[in-house]
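2 protein chains.
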Amino acid sequence: MSDLHRVLEALRAAAEVAVLSHESPEADAIGASLGAALALEAAGKRIGVYNVGPLPPALRALPGVERVQPAPSRPYACYLVLDTTEPARTGGLLDGRPPGSQVLNVDHHLGNRGFGDVNWVDAAASSAGEMVYRLLVAGGFPLSPPVAANLYAAILTDTGGFRHPNTTPEALRAAAELVAEGARPGEIGRGLYGQRDPRELRLLGLALADLQVSADGRLAWITVSRAAQAVAGIGLEAAEDFVQYPRGVAGVEIALAFKEVAATEVRVSLRSWGPLDVAALASRFGGGGHRNAAGCTLHLPLEAARAAVLGAAAGLAGR
Amino acid sequence: MSDLHRVLEALRAAAEVAVLSHESPEADAIGASLGAALALEAAGKRIGVYNVGPLPPALRALPGVERVQPAPSRPYACYLVLDTTEPARTGGLLDGRPPGSQVLNVDHHLGNRGFGDVNWVDAAASSAGEMVYRLLVAGGFPLSPPVAANLYAAILTDTGGFRHPNTTPEALRAAAELVAEGARPGEIGRGLYGQRDPRELRLLGLALADLQVSADGRLAWITVSRAAQAVAGIGLEAAEDFVQYPRGVAGVEIALAFKEVAATEVRVSLRSWGPLDVAALASRFGGGGHRNAAGCTLHLPLEAARAAVLGAAAGLAGR
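Residue numbers (this note's numbering), protein chains in the order written: chain L, 730 to 1048; chain W, 730 to 1048.
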């Protein structure tokens, strides 16, 4: 039996399922969660959807997003954990689970360690949303328009709008069938990309105005300081995708966003093109991710964190 | 016989074909042209690809783009005109065609008047690239990786990255098969979207840091001052698409970008969602455009120009 079918069998047997995903979620974590939750609920199961957040404003238009709660109010017999490499990344949502409960781990991250009772990890999948699509199709669950919209949003965003190297024929075929089942890309696109908070754009502006490029052109980075967050009147939840901007600079091999959380805490987003492995780079600072998209958190002042990661990145890009 | 098959029959009969598209081309015009040209050439035909330009830098990475010439150096027996509503939009490329030559008109624009000897117009198609894909598949032409890459670029861009309302299951299925045939979305995406000048991003930052929204939330605008251009070290040619950012603010009906050209000259870009007609608004200041995208130039100082256009826009959005 394949891993997919083992997950399916466990879900079929479960009368109630808590659907969890990682902290600081993007549209893949929440879209995959809501797609799975709405389809399982339509099949008669009792479903809760949990995420510790914070949910970025772009996700507010996902159908059913009001169902996402910060933590379970009761124990579940079955936990479906999506898009999450390790239990800690749920922000503690698995801590209080009852003895004998089952954890189903469905993820597309290479670094997933197989922490579940049942594990289906497919690093060739574009997104958790694509994996949930395959799960629902294999299980014969109907794809209602709200289910389809959530999964379309998940695949669309995790493939960078179908322009990242993880854009496979399978990802596009799933997207095609989701549109055929009622996902409306125009509405989803406006929901995800046309609902920006003006404070978020001002914060982006402050970060971009000071975009830096290394002398050799291989590294580009931005900084989202606490001072800028104060001026813009909005926090780091608005800065999730800012790293795409330095990534768009011609000739850049590694793009970075330094996000100042506190006086001695800096979150770093890393992106690369091609073979350069930023997950390996992030892991040197206790983080992780994919080859071309990773992150880590340093407990250092902004300047020191920037110097440490830029130094390591220069070594990698210079090879 | 369908219109598609009439075009196919004419192409099969032709030993030589000039492939044309509209002036000021985007990736759909050029991608569809190169996709058709490379596939027809592989089938043993003599092919020329012509466009009067200018070709934006983003298209420089399309495979075979060096084949695009500004005008035919000799007459052809067959002209395949792609993505073009009327002959004048080719910039005169059809003017000197020999008597008895044949024009094949393949387009997805509603306004196409059927100017060809053979016309295949499908306003439900996402893009000219999707139509060329269907043509090549129906004709049994092999889709080499360079052909597939060009057609993928065409569909990707004309659907706004698969997030505009023209994103159909057919467009996504075509894209899936093009990736299966060797189009590499990561490379295509980087070619199209990953070639930005860091000075352009800094100028964007300076504009966004001061994004303004009207008290009623219906108008959002940015200003690209001469001072900001001096700081960033780049001019207004970098600011062509900046108006998309205020357009992305939640709830906004009209977005504006005020671009200071000189002490008493301001170029204004206008965008709207839905029924609000910014072309009518622009025409009050001597400009024009489409319902949802227009522009005008005011010979006034920045402050006065902004006050005049915002006043008029507030009246329109408030209705």
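Built from N, CA and C at the ideal position, the CB exists for glycine as well. Here the structure is a predicted model, which means the values were calculated and not measured.
query, result
"Among residues of its own chain, excluding the 5 on either side of L:V911, which ones have a beta-carbon nearer than 6 angstroms to its beta-carbon?", "Before going on, a small fix: residue 911 of chain L reads as Gly here, not Val. These residues qualify, in order along the chain: P874 and A877."
"Decide if the region 913-922 of chain W is in contact with the region 878-894 of chain L; the criterion is three or more beta carbon pairs, one per stretch, under 8 angstroms apart.", "yes"
"Taking 8 angstroms as the threshold, find out whether the region 811-830 of chain L comes into contact with the region 738-751 of chain L through three or more Cβ pairs.", "yes"
"Should the region 956-973 of chain W be called in touch with the region 921-937 of chain W, which here means at least 3 C-beta pairs below 8 angstroms?", "yes"
"Using a threshold of 8 angstroms, state whether the C-beta atoms of W:V995 and W:L1027 are closer than that.", "yes"
"Give me the Cα-Cα distance between W:P799 and W:V781, rounded to the nearest whole angstrom.", "5 angstroms"
"Quick check on the burial criterion: 16 or more other C-beta atoms within 10 angstroms. Buried or exposed for W:L948?", "buried"
"Quick check: W:L1045 and W:L985, are their CB atoms within less than 8 angstroms of each other?", "no"
"Measuring alpha carbon to alpha carbon, tell me which of L:A771, L:R1020, L:R775 and L:P792 ends up nearest L:Y881.", "L:P792"
"Assuming W:G760 is part of the alpha helix (DSSP H), what are its boundary residues?", "A756 to A771"
"Alpha helix (DSSP H) containing W:G920: first to last residue?", "P914 to Y922"
"When the distance is taken between beta carbons, is L:I776 closer than 8 angstroms to L:A787?", "no"
"What does L:G890 touch in chain W if you count any residue whose Cβ is under 7 angstroms from its own?", "G890, F891 and R892"
"Can you list the beta strand (DSSP E) stretches of 3 or more residues lying completely in the region 914-987 of chain L, in chain order?", "948-953"
"When you compare only the Cα positions, how much space is there between W:G962 and W:A756?", "28 angstroms"
"Measuring only the C-alpha atoms, how far is L:G1015 from L:H838?", "16 angstroms"
"What is the DSSP secondary structure of L:A1064, reduced to helix, strand or coil?", "Nothing about residue 1064 of chain L can be reported from this structure: the residues present for chain L run from 730 to 1048 only."
"Would the region 822-841 of chain W and the region 1030-1045 of chain L be scored as touching if the rule is three or more Cβ pairs under 8 angstroms?", "no"
"Alpha carbons only, please: which of L:A936, L:A771, L:S998 and L:L901 is nearest the one belonging to L:N1021?", "L:S998"
"Express the C-alpha separation of L:H893 and W:G923 in angstroms, rounding to a whole number.", "11 angstroms"
"Secondary structure at L:T896, three-state DSSP: helix, strand or coil?", "coil"
"Which residues mark the beginning and the end of the alpha helix (DSSP H) in which L:D887 is found?", "P874 to D887"
"Under 8 angstroms, Cβ to Cβ, is there at least one residue of chain W near L:T896?", "yes"
"Please list, in chain order, the residues of the region 965-981 of chain W that have any C-beta partner in chain L closer than 9 angstroms.", "Y974, P975, R976, G977, V978, A979, G980 and V981"
"Do the region 894-906 of chain L and the region 794-812 of chain L make contact, defined as three or more Cβ pairs closer than 8 angstroms?", "no"
"Quick check on the DSSP output: what are the complete alpha helix (DSSP H) runs of length 4 or more inside the region 771-804 of chain W, in order along the chain?", "none"
"Give the DSSP-derived three-state secondary structure of W:L1045 in the structure shown.", "helix"
"Could you tell me whether the Cβ atoms of W:L737 and W:A867 are closer together than 8 angstroms?", "yes"
"Taking DSSP's pairing of strands, which residues face W:N834 in a bridge?", "W:V810 and W:N848"
"With DSSP as the reference, identify every bridge partner of W:E745, one or two as the case may be.", "W:R775"
"Grab the span of the alpha helix (DSSP H) containing W:E1008 for me, first residue to last.", "Looking at the sequence provided, one finds Ala at residue 1008 of chain W rather than Glu. V1007 to S1012 is the extent of the alpha helix (DSSP H) around W:A1008."
"Return the first residue and the last residue of the alpha helix (DSSP H) that W:G858 is part of.", "A857 to A867"
"Do you know how far the Cα of L:L933 is from the Cα of W:L921?", "22 angstroms"
"If you run the structure through DSSP and keep just helix, strand and coil, what is W:A1022?", "strand"
"Can you check whether the C-beta of L:R902 is within less than 8 angstroms of a C-beta belonging to chain W?", "yes"
"Applying a beta-carbon distance threshold of less than 8 angstroms, which residues of chain W neighbour L:Q798?", "Chain W residues near L:Q798: none, gap ~24 angstroms exceeds 8 angstroms."
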